[in-house]
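Report on one structure; see the data block that follows.
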Amino acid sequence: MNEEVIAILVLWTFIFIYSIFGSIDFGAGFWAMVYHEHRTSAGKIANRFLSPTWELTNVFLVLLVVAFVGFFPKGAFTLGTVLLIPVSLILFLLAVRSAFMVFSYSVQGYRKTMFFISGICGVLIPALLITVLPVSQGGFISGFNGRDVLLIGKLFTSPSLYMYILFGLTSELFLSSLFLADYSKVSKQEGAYRLYRGNALLLGPLTLIAAVVTLMFLQPEANWLIDNLYDQRMWFILSFLAFLVGYTSLWMRNSDMDTAGKPRLALLAIVAQYGFASYGYGMAHLPYIVYPGLTIYDAFTAKETFYSLMIMYAVGLAILTPGFYVFWRLFLKDKRYLQQE
1199 MNEEVIAILV
1209 LWTFIFIYSI
1219 FGSIDFGAGF
1229 WAMVYHEHRT
1239 SAGKIANRFL
1249 SPTWELTNVF
1259 LVLLVVAFVG
1269 FFPKGAFTLG
1279 TVLLIPVSLI
1289 LFLLAVRSAF
1299 MVFSYSVQGY
1309 RKTMFFISGI
1319 CGVLIPALLI
1329 TVLPVSQGGF
1339 ISGFNGRDVL
1349 LIGKLFTSPS
1359 LYMYILFGLT
1369 SELFLSSLFL
1379 ADYSKVSKQE
1389 GAYRLYRGNA
1399 LLLGPLTLIA
1409 AVVTLMFLQP
1419 EANWLIDNLY
1429 DQRMWFILSF
1439 LAFLVGYTSL
1449 WMRNSDMDTA
1459 GKPRLALLAI
1469 VAQYGFASYG
1479 YGMAHLPYIV
1489 YPGLTIYDAF
1499 TAKETFYSLM
1509 IMYAVGLAIL
1519 TPGFYVFWRL
1529 FLKDKRYLQQ
1539 E
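Quick note on our numbering: the sequence shown kicks off at 1199 and runs consecutively.
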């Protein structure tokens, strides 16, 4: 395995981790907005998870950006140039969301505003992030006077963009519902558990349908990707089987509560589902970062920089991993925190 493939594998791993954590984080913000005045404890459960974890999600975003710029500087330049407006909006929304998340816990007057800002950003940020996928598949970038230019009119009139956004939002809400269902179960909040389980039962099939419809609405320029996806069909078969395991887990008998379901098993199976599908999609997309003009070989950094970055990541993750473990023990496993009123 050469350096370019190792680098893209590291980058794709960070993308997958951030997509899972980000989906749960942004989805929890949306559910906290929707249920903050609900008669059940669903809003409190979402906010209880959200309050200590939003900073952790940003750590993986930083790791992802540094990996992309470090390993594939030309790719980062190309996408950063053509997606300047969406990227700028993402940074602005992240800054606004972070500011309200910080100040709302010290100034009570900002609490309701924080729920609204977090919920709206939880929809807008993933919708902007996922625009990278259709752009990278070709047909939306044109050369003009030696520069790459985004065909904004073509992008925003393409059904493919909106299908990707629909798939991204349903995936976000599905994953966050599963996680919050499990969080509610451990917290002994049956009303919230019942509500989030119901959301997951509705969103699961919708997410699957959205994924299929998205493939149907791909641009004609992306036919190369469809052919490659077919070659990787085994990963998508495994993904579908993992979905069946996860979805049926929500109907299994639950000994802890009157409502059926094993949300922990469902969550793990659905994460595996996205893992298989993500790997298959990534393999189908290789070697292109942006089709047809930019491959991982064209955009790759110097080998000396690659090895320096790999050492940096090894040392950094060795330092961060114990912190992640302590965080998990304190906020995601400690029943005194989970079952507080």
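Glycine is no exception: its CB is placed at the ideal position from the N, C-alpha and C atoms.
Beta carbon of residue i nearer than 8 Å to that of residue j
| i | j | result |
| --- | --- | --- |
| SER1476 | ILE1243 | no |
| LEU1401 | SER1437 | no |
| ALA1409 | PHE1365 | yes |
| LEU1416 | ILE1424 | yes |
| VAL1330 | LEU1277 | yes |
| LEU1353 | PHE1372 | no |
| SER1369 | THR1412 | no |
| GLN1430 | MET1361 | no |
| ALA1467 | ALA1440 | yes |
| THR1311 | PHE1290 | no |
| LEU1515 | GLY1273 | no |
| LEU1281 | LEU1367 | no |
| ILE1494 | ILE1204 | no |
| ILE1218 | SER1334 | no |
| PHE1434 | GLY1478 | yes |
| PRO1485 | ARG1395 | no |
Own chain partners of residue i with C-beta closer than 7 Å, once the 5 adjacent residues on each side are dropped
| i | result |
| --- | --- |
| MET1508 | none |
| MET1231 | PHE1313, PHE1314, SER1316, GLY1317 |
| ALA1265 | VAL1208, LEU1209, PHE1212 |
| GLY1320 | PHE1224, GLY1225, GLY1227, PHE1228 |
| ILE1215 | PHE1258 |
| TRP1422 | TYR1489 |
| THR1279 | ASP1346 |
| PRO1357 | PHE1415 |
| VAL1443 | ALA1467 |
| SER1340 | VAL1347, LEU1349 |
| LEU1469 | It should be pointed out that residue 1469 corresponds to Val in this sequence rather than to Leu. Counting only Cβ-Cβ distances below 7 Å, and skipping sequence neighbours, we find ILE1218. |
| VAL1513 | none |
| THR1255 | PHE1219, GLY1220, ASP1223 |
| ILE1363 | ALA1325, ILE1328 |
Cβ distance (whole Å) where residue i is taken to contact residue j below 8 Å
| i | j | result |
| --- | --- | --- |
| THR1446 | PRO1271 | About 45 Å; that fails the 8 Å criterion. |
| PRO1288 | LEU1327 | Here the sequence assigns Ile to residue 1288, which means Pro is not the residue at that position. ILE1288 to LEU1327, Cβ: 6 Å. Contact. |
| PRO1324 | GLY1220 | 7 Å |
| GLY1268 | THR1503 | 7 Å |
| ASP1380 | LEU1465 | 5 Å |
Cβ shell of residue i (< 6 Å), same chain only, five flanking positions each side left out
| i | result |
| --- | --- |
| TRP1229 | ALA1244 |
| ALA1390 | THR1238, SER1239, ALA1240, ILE1243, SER1382 |
| SER1296 | none |
| LEU1463 | SER1447 |
| LEU1292 | none |
| ILE1222 | LEU1373, SER1374, PHE1377 |
| TYR1233 | ALA1240, GLY1241 |
| TYR1511 | none |
| ALA1497 | PHE1270, LYS1272, GLY1273, ILE1487 |
For residue i, the residue or residues it bridges with in DSSP
| i | result |
| --- | --- |
| TYR1486 | THR1493 |
Cβ-based neighbour list, residue i, same chain, cut-off 8 Å, excluding 5 preceding and 5 following
| i | result |
| --- | --- |
| ARG1451 | ALA1458 |
| VAL1294 | ILE1315, CYS1319 |
| ASN1200 | none |
| LYS1501 | GLU1201 |
Closer than 8 Å to chain B by CB, residue i
| i | result |
| --- | --- |
| ALA1409 | No chain B appears in the structure shown, which is made up of a single protein chain. |
Jot down the residue ranges of each uninterrupted alpha helix (DSSP H) in the stretch 1297-1380, minimum 4 residues, whole runs only, in chain order. 1309-1327, 1330-1334, 1350-1354
Minimum length 4: unbroken alpha helix (DSSP H) runs contained in the stretch 1407-1480: Along the length of the stretch 1407-1480, whole alpha helix (DSSP H) runs at least 4 residues long occupy 1421-1429, 1431-1447, reported in chain order.
Every unbroken alpha helix (DSSP H) inside the stretch 1214-1289 [4 residues or more]: The qualifying runs are 1240-1269, 1271-1280.
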